[in-house]
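Structure record follows, encoded as structure tokens.
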Amino acid sequence: MIDGGLFTKDFLEEGIRETPAYAALGSAVAGKVHDVIVPTLDLVGWAHRLYEKPLNPHGREDVPDLLLFPDHDSKLRAAALRGGDTYRHGACLVEAKRWELRLDRADATSREGVPSMQIARYLRRAEEATDGRLRWGILTNGGKWRLYHHRGVPGEKAFFEVDVARVVAPI
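Those letters in the sequence shown? Residues 4 to 174, by this note's numbering.
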């Protein structure tokens, strides 16, 4: 259920349950994946975001679903820019997959390949575009949420994962 080494197991199994954001999640895991992802981001304070901003100004390659900002002013500055320059003001990018899609295997219905490799590619491109300022990425299928750092090595569980669907499921 909990994988990776970014946070302590005690906090994630017990301490997190005492936070207001955790209490507010309730049964939000039902419904379409974006119906879960956006409200969850709101609950944890990521209200400032832009949707599908290309890292490359000349095409539709390397387009994370969301770019998160620390505040409204950062979002406004970024919204006026194109390509990788947009990411200079961001704090984290998000790639959202369909509900419970496998995150470490290619799916026959997807053109994008393995989701975990996709987020690693986005983070490499964002690192180049921002001179290392944008360091974090989230990969989620609505149920599982993974936090990646741009220096993580793909394929070596260089992420922190929470299976939110299991954590908030009724007993």
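Every residue gets a Cβ at the ideal spot worked out from N, C-alpha and C, and that includes glycine. No experiment lies behind these values; they were computed from the predicted model shown.
With a threshold of 7 Å on Cβ separation, who are the neighbours of residue i within its own chain once the five nearest residues in sequence on each side are excluded?
i	result
L79	none
C95	L71, W139, G140 and I141
H92	F72, S77, R80 and A81
W49	L71
D74	H51
G155	A161 and F162
My understanding is that residue i touches residue j, with C-beta atoms under 8 Å, so please give their C-beta distance in whole angstroms.
i	j	result
P67	V97	6 Å
Based on DSSP bridge pairs, tell me the residues matched to residue i.
i	result
K147	D166
R52	L71
V171	Partner(s): none; V171 has no beta bridge.
How should residue i be labelled, buried or exposed, when 16 other C-beta atoms within 10 angstroms of its C-beta is the threshold for buried?
i	result
R143	Correcting the residue type first, residue 143 is Thr in the shown sequence and not Arg. By the neighbour-count rule (16 or more Cβ atoms within 10 Å), T143 is buried.
T43	buried
T133	buried
Y151	buried
G145	buried
A111	exposed
E64	exposed
Leaving out five residues on either side along the sequence, give the residues of the same chain with a beta carbon under 6 Å from the beta carbon of residue i.
i	result
K35	Only weak support exists for where K35 lies, its pLDDT of 47 falling under 50; the value from the coordinates is given anyway. No residues qualify anywhere along the chain.
L84	none
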